[in-house]
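Participant:
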Amino acid sequence: MIIDTHLHPTNLVDEAWRHTGTPFTGERLLKMMDGPYMINGKPRRIDMGFIQPPPGNTGYRDGNRMGREGIRDYMSYIAELCQKYPDRFIGNFTFNPRWGPENGAAELEFHVKEYGFKMLKLHANMHGYRPDRALDWLRPAMKKCAELGVVVLIHTGDGPYTIPTMFYPVIREFPMVNFIIGHFGIQTGGNYSFEAFWMAMDTPNVVCESGWCFQSRIVEFARELPRHKIVFGTDSPPNEPGMWLRELEVLCSPPPHGMNLDEDGLEDYMGNNIARICGIPTTLPPRTQEEALARLKDTYAMVEPRPTVPA
Numbered sequence: 096m097i098i099d100t101h102l103h104p105t106n107l108v109d110e111a112w113r114h115t116g117t118p119f120t121g122e123r124l125l126k127m128m129d130g131p132y133m134i135n136g137k138p139r140r141i142d143m144g145f146i147q148p149p150p151g152n153t154g155y156r157d158g159n160r161m162g163r164e165g166i167r168d169y170m171s172y173i174a175e176l177c178q179k180y181p182d183r184f185i186g187n188f189t190f191n192p193r194w195g196p197e198n199g200a201a202e203l204e205f206h207v208k209e210y211g212f213k214m215l216k217l218h219a220n221m222h223g224y225r226p227d228r229a230l231d232w233l234r235p236a237m238k239k240c241a242e243l244g245v246v247v248l249i250h251t252g253d254g255p256y257t258i259p260t261m262f263y264p265v266i267r268e269f270p271m272v273n274f275i276i277g278h279f280g281i282q283t284g285g286n287y288s289f290e291a292f293w294m295a296m297d298t299p300n301v302v303c304e305s306g307w308c309f310q311s312r313i314v315e316f317a318r319e320l321p322r323h324k325i326v327f328g329t330d331s332p333p334n335e336p337g338m339w340l341r342e343l344e345v346l347c348s349p350p351p352h353g354m355n356l357d358e359d360g361l362e363d364y365m366g367n368n369i370a371r372i373c374g375i376p377t378t379l380p381p382r383t384q385e386e387a388l389a390r391l392k393d394t395y396a397m398v399e400p401r402p403t404v405p406a
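If you count the sequence shown from 1, position 156 lands on 251 in our numbering, and the numbers rise without skipping.
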């Protein structure tokens with residue numbers, strides 16, 4: 096399977112990014128994931144994705160409920176989609192400590208046990224805190240992640256609060272928790288990809304997300320990093336996932352653009368690495384175009400989504 100670690104469906108107009116002013120719903124996201132995308136000459140789709148609200152919709156606005164009720168409100172559409180499309184979507188809980196660190200930890204546990212969430216997202220810029228100085232805000236949720244086996248995805252790449260090394264204190268305090276450096280340390284405000292690279296090289300519980308990284312750096316980093324240290328993530332929308340799949344596919348080409356990566360290694364990057372971290376069964380890549388087409392035919396069979404259960 097191809098598994099995207101970083102997706103943002105919404106049933107509301109995104110309050111920060113806006114896009115086209117039309118909500119990027121779960122159904123729009125599924126259509127985008129279905130592609131098909133050509134990988135080494137074979138048609139593929141993005142089989143599963145970790146979903147979370149757009150971060151702009153997870154801050155307090157006048158009229159919002161507070162505490163655990165407010166958190167449950169901003170996570171409600173993600174919980175609904177995970178129930179409706181359990182074979183395609185996996186929940187990623189957005190932790191905003193300004194709604195109360197203990198409240199967030201309690202809601203994380205609820206979403207893991209009730210809806211099968213497997214990931215937690217930190218976005219210190221959008222939520223306005225210094226992660227290296229706000230450890231008391233982060234510890235309740237990190238303790239739950241350690242207890243429940245939840246992986247932590249960190250938004251990184253821009254100041255003032257999401258420079259990758261600012262998360263070293265919490266990463267080192269919780270070596271039993273797996274952390275993903277989102278965007279490979281690249282965003283609107285800077286390029287901290289070498290920080291992300293060395294954090295993954297030097298820290299057993301850190302891996303890097305491929306999306307946003309420059310293609311020439313990906314091949315440079317992939318040559319040095321242990322193979323399990325890169326996972327596929329697109330931050331879609333606003334990003335289009337095909338370009339980031341191509342960025343990994345090119346690793347199968349000869350140097351200098353690639354590194355003669357074999358298809359099993361590519362499958363690790365595109366899905367099996369995050370599958371192993373999160374306890375999802377791994378898969379072999381399709382060996383022929385016929386096998387790939389047969390898989391698409393099977394997976395595109397129309398299946399009615401499951402009805403959702405109110406939270």
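Even for Gly, the Cβ is constructed at its ideal location relative to N, Cα and C.
1) Going along the chain, which unbroken runs of the beta strand (DSSP E) with 3 or more residues stay wholly within the region 119-191?
2) Would residue 377 pass as a contact of residue 137 if the rule is Cβ separation under 9 Å?
3) Do you know offhand how far residue 288's Cα is from residue 251's?
4) DSSP three-state label for residue 398, please.
5) How would you call residue 397, buried or exposed, if buried means at least 16 neighbouring beta carbons within 10 angstroms?
6) Going by other Cβ atoms of all chains shown within 10 Å of its Cβ, with 16 needed for buried, is residue 182 buried or exposed?
7) Output needed for residue 272: all residues of its chain with C-beta closer than 7 Å, excluding positions within five of it in sequence on either side, in chain order.
8) Give the straight-line distance between the Cα atoms of residue 270 and residue 296, rounded to the nearest whole angstrom.
9) For residue 282 and residue 307, what's the separation of their Cα atoms in angstroms?
10) With distance defined between alpha-carbon atoms, name the residue in 278, 309, 268 nearest to residue 259.
11) Is the Cβ-Cβ distance between residue 373 and residue 185 less than 9 Å?
12) Can you give the beta carbon distance from residue 134 to residue 327, rounded, assuming they're within the 8 Å contact cut?
13) If I measure Cβ to Cβ from residue 131 and keep anything under 7 Å in the same chain, skipping five residues before and after, which residues do I get?
14) Check each candidate in 192, 292, 298 and name the one with the smallest Cα separation from residue 304.
15) Going by beta carbon distance, what residues of the same chain come within less than 8 Å of residue 156, once the five residues before and after it are set aside?
16) I'd like to confirm the pairing. Which residues does DSSP put opposite residue 302 in its beta bridges?
17) Quick test of your reading: residue 257 and residue 101, contact by CB under 8 Å. State the CB separation rounded to the nearest angstrom.
18) Report buried or exposed for residue 366, applying the criterion of at least 16 other Cβ atoms within 10 angstroms of its Cβ.
19) So, are the CB atoms of residue 192 and residue 224 less than 9 Å apart?
20) Write down the C-beta distance between residue 264 and residue 231 rounded to the nearest angstrom, noting that I regard them as a contact closer than 8 Å.
21) Can you give the Cα-Cα distance for residue 60 and residue 105, rounded to whole angstroms?
22) With a threshold of 7 Å on Cβ separation, who are the neighbours of residue 190 within its own chain once the five nearest residues in sequence on each side are excluded?
Facilitator: Straight from the coordinates:
1) 132-134, 137-139, 143-146, 184-189
2) no
3) 10 Å
4) In this prediction, residue 398 scores a pLDDT of 44, lower than 50, which makes its location untrustworthy; no coordinate-derived value is stated.
5) In this prediction, residue 397 scores a pLDDT of 41, lower than 50, which makes its location untrustworthy; the coordinate-derived value is nonetheless stated afterwards. Exposed, by the Cβ-count rule.
6) exposed
7) 237, 240, 241, 247, 300
8) 14 Å
9) 7 Å
10) 278
11) yes
12) Going by Cβ atoms, the distance from residue 134 to residue 327 rounds to 11 Å, so no, they are not a contact pair.
13) 138, 139, 140, 391
14) 292
15) 110
16) 275
17) That pair is no contact at about 14 Å.
18) buried
19) yes
20) Contact doesn't hold; Cβ gap of about 11 Å is too wide.
21) The displayed coordinates of the chain run from 96 to 406. Any statement about residue 60 would go beyond what the structure contains.
22) 199, 203, 215, 216, 217, 236
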